[in-house]
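Chemist: Going down the list, the sequences are from chains H and E.
With our numbering, the residue at position 309 of the first sequence is 297, and numbering never jumps.
All you need for our numbering is the position in the second sequence, starting with 1, plus 82.
Okay, handing you the structure first.
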Amino acid sequence: MAEMHAPLVKVAGLSRYFDVSAPWLNRVLDGQPRLILKAVDGLDFEINRGETLALVGESGCGKSTVARLVVGLYRPSAGSIVFDGVDMAGLGGRAEMAPIRRRLQMIFQDPFASLNPRWRVSAIVSEPIRAFRLLDDERLIVERVGQLLRQVGLSPVDGEKYPHEFSGGQRQRISIARALSSQPEFLVCDEPTSALDVSVQAQILNLMKDLQRQLGLTYLFISHNLAVVRHIADRVGVMYLGRLAELGPAKNLFALPRHPYTRMLLDTIPDLEMTGRQRTPVAGEVPNPINPPTGCAFHPRCPFANDRCRSERPVPKLNDTGSTTACHAVEEGRLPAGPLPVAA
Amino acid sequence: MALLEVEHLRIEFPTRRGTLLAVDDVSFSLQEGEVLGVVGESGAGKSLTGNAIIGLLEPPGRIAAGEIRLNGRRIDNLPYEEMRKIRGKQIGAVFQDPLTSLNPLYSVGQQLIETIQTHTEMTPTQARTRAIELLAEVGIPGAERRVDHYPHQFSGGMRQRVVIALAICVNPRLIIADEPTTALDVSIQAQIIALLKRLCRDHGTAIMLITHDMGVIAETADRVAVMYAGRVAEIGPVRSVIKEAKHPYSHGLMGSIPKIGDSKERLEQIEGSMPRLTEIPPGCAFNPRCPRAFDRCRVERPDLMPAGDTLASCWLYAHG
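So this is what it looks like as structure tokens:
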């Protein structure tokens, strides 16, 4: 048994490559090489008990792949995922996975696609209870489902209904009830509020925070929305092309961002405070991950890139704000600490 | 005179189980060169209002009452062919998903040239030159080469630029932009917002910007209309609505948005959800969720009335 203060999840050198080559015959006939997409490329992070780690980034940065790796939906190409002292990559079949699976659950983005439309809500919510044989008395299961539905702000009679009778926000509550039914310690949430309207998003975020406090849950929260992440996370990792650009306590990361990419992302958020601040739109787009830039993946868009950035891949280093930053310019101290100059 | 005037617009959907009222007595106007933001949650009727203005309401939806006037001319009752001439020439449109707004079988140049030649007398060569100019204007690098590319060869952000080029190709006075940045990443979203603002300034084009993203509105719009259950809850200068919303709904909506600069433990939340179109309550549509509702709200429907700098449809601001 691992100690209580050890991190619940420890990820080291985690990578996942996808083979996106043309079919074998085409490759042979046209002389095409194999194409490997490095969706996640050497990630290290830890998640402590009871905290929320958020991963942010633009589409294609590999954040959803990380979520799927951590719950075991994908197998890593390299690296390890240690959950409470057990390396999940080393586990063999379903039987070995089952005790771990019960302790981690996932909430998906689209509450319309993640609930079976032909099942009653009670059957959906009780499925993990039955699958892991947590309760065998039917009466106890019904009672537990009612309790779970109340816990997420629905009513026990809603168990008799079908998913289509609920709005998007209510469906996401059902997803949360289902995830909680196996009494997990760790929830992986992949964009849980992206499909919801803002007022509904506020309800779900508040619910998730309440549940975390009541049940001592640990969250891995995947999102593209920096403001949502600022609100929910204790620590934040900013991903770019399958790598972590910067990882640190949410407060410091947003107040004192060091990596040029983090600064640019923060700069692009539409300003609700209406300070009339001049925004500097990030030039360019995320490059193709099949053929990522050499050295630091961000260098083609970075106003501070030099020859070293173009050839040598930066390693994450702890900086003065308590964040780890993978950037040569930060490490060498040639990055101004103040606001960014306008990108060319 | 206002460029666009919408008065008492009412959009209905006849169904087997009765008529649904999706947009109910909506009025607003838009001046030359002005950006009006329209916000609201899904189902509030904001896209339907935009579609009604460009004459693209999907049947069985129909305009049941009210008037839409462009430059003083009524356009909501024009025959199809007449409306087709206005669409594109006087009103441009930018939709959410740039992939479905472009025809995958034609190069972007062909699509631009077709639109230009439909509305002007240009020769094919002139139209092609104009197409390249437009692509360069919306910030597509290597426009001479890119003009012969097909939509699938562009990234999402670049495709949205092409759609914007299509919308502005014959200098319309008004652009209806329905969630133009929703499908895009934040860094690309900032580029597209900057582009729309620049076009609006350079050409004096008015934009009706429909979105659920308050941040985009704050950055772009001059005035904002907040819609709820098919009605306008509040309309006014963007700064007033964002900083000191008067209507309890817009106030709650603003509070529910997480902000980078604050570390509140809990977000303000509006209890419940927007009513279905079949279950809109009598009186003010927001009254069952409103923390400040009183008897009058439950029986009598409020019209827009002055509340500070804005107009709010809320009995809290009734005088006397």
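By construction, the Cβ of each residue, glycine as well, lies at the ideal position given by its N, Cα and C atoms.
1) In chain H, which residues lie with their C-beta within 7 Å of the C-beta of E:S355?
2) Let me see if you follow: with CB-CB separation under 9 Å, is E:V245 close to chain H or not?
3) What's the call for H:P329, buried or exposed, on a 16-neighbour Cβ count within 10 Å?
4) Tell me which residue opens and which closes the alpha helix (DSSP H) that H:S341 is part of.
5) Reducing DSSP to helix, strand and coil, say where H:P11 ends up.
6) Using beta carbons (cut-off 9 Å, strictly below), is E:G239 in contact with chain H?
7) For E:P423, which residues in the same chain have their Cβ closer than 8 Å to its Cβ, ignoring the five residues on either side in sequence?
8) In terms of alpha-carbon separation, which member of E:S124, E:A247, E:T131 and E:P363 lies closest to H:A183?
9) In chain E, which residues lie less than 8 Å from H:K197 when you measure between Cβ atoms?
10) According to a CB-to-CB cut-off of less than 9 Å, which residues of the segment 295 to 312 of chain E neighbour chain H?
11) Give the DSSP bridge partners of E:R156, in chain order.
12) Determine, using beta carbons only, whether E:G402 comes closer than 9 Å to chain H.
13) Applying the 10 Å Cβ sphere with the 16-neighbour rule, what's the burial state of E:I93?
14) So E:V120 and E:L291 are supposed to be a Cβ contact under 8 Å. How far apart are they, rounded?
15) Where does H:E179 fall in DSSP's three states?
16) My guess is that E:A259 and E:V220 are in contact by the Cβ rule of under 8 Å, so how many angstroms apart are they, rounded?
17) What number of angstroms, rounded off, separates the C-alpha of H:F33 from the C-alpha of H:S47?
18) Hey, H:I164 and H:L137 are a contact pair by Cβ (cut 8 Å); roughly how many whole angstroms apart?
19) Quick one: does E:S124 have its CB under 9 Å from some CB of chain H?
20) Quick one: what's got a C-beta closer than 7 Å to E:I289's C-beta in the same chain, skipping five residues either side?
21) Find out if the Cβ-Cβ distance for the pair H:F242, H:R223 is shorter than 9 Å.
22) If you reduce the DSSP assignment to three classes, tell me which class H:A332 lands in.
23) Here's a check: name, in chain order, each residue in its chain whose Cβ is nearer than 8 Å to the Cβ of H:L2, leaving out the five neighbours to either side.
24) Closest Cβ-Cβ distance between H:Q160 and chain E: below 9 Å?
25) Quick check: the Cα distance between E:W397 and E:L102, rounded to an integer number of angstroms?
26) Taking the straight line between their C-alpha atoms, what separation do you get for E:R210 and E:E203?
Modeler: Taking the coordinates as given:
1) Within chain H, the residues near E:S355 are S155, G157 and V188.
2) Closer than 9 Å to the CB of E:V245 there is not a single CB belonging to chain H.
3) Confidence is the limiting factor: at H:P329 the pLDDT is only 48, short of 50, which leaves the residue's position unreliable, though a coordinate-based value still follows. With fewer than 16 Cβ atoms within 10 Å of its Cβ, H:P329 is classed as exposed.
4) Within the shown structure, residues of chain H are numbered from -11 to 332, placing residue 341 of chain H beyond reach of any answer.
5) Here H:P11 sits in coil by DSSP.
6) Yes, contact with chain H.
7) Since the first and last residues shown for chain E are 83 and 402, residue 423 of chain E lies out of range.
8) Nearest of E:S124, E:A247, E:T131 and E:P363 to H:A183, Cα basis: E:S124.
9) Simply E347 and R348.
10) The segment 295 to 312 of chain E vs chain H, Cβ under 9 Å: D295, M296, G297, V298, I299, A300, E301 and T302.
11) Residue pairing of E:R156 in beta bridges, as defined by DSSP: E:R151.
12) For E:G402, the pLDDT reaches just 49, beneath the cut-off of 50, and the residue's location in the model is therefore unreliable, leaving the point undetermined.
13) Burial call: buried.
14) With a Cβ gap of about 7 Å, E:V120 and E:L291 count as contacting.
15) Secondary structure at H:E179: coil, using DSSP grouped into helix, strand and coil.
16) With 8 Å as the limit, E:A259 and E:V220 do not qualify as a contact, their Cβ atoms being about 13 Å apart.
17) Going by the C-alpha atoms only, they are around 20 Å apart.
18) The pair is not a contact, with the Cβ atoms about 10 Å apart (cut-off 8 Å).
19) With respect to chain H, the C-beta atom of E:S124 has a partner C-beta closer than 9 Å.
20) Taken in chain order, the residues that qualify are V117, I257, A259, L278 and C282.
21) Their beta carbons are not under 9 Å apart, which means H:F242 does not touch H:R223 by this criterion.
22) For H:A332, the predicted model reports a pLDDT of 34, less than 50, meaning its position is unreliable; a value from the coordinates is still stated below. The three-state secondary structure of H:A332, taken from DSSP, is coil.
23) For H:L2, the CB contacts under 8 Å within the same chain, skipping 5 residues up- and downstream, are V28, G30, L31, D32, V54, L57, P64, A66, G67, S68 and I69 in chain order.
24) Look at H:Q160: its C-beta is not under 9 Å from any C-beta on chain E.
25) C-alpha separation (whole angstroms): 25 Å.
26) Annotation: E:R210 to E:E203 spans about 13 Å, alpha carbon to alpha carbon.
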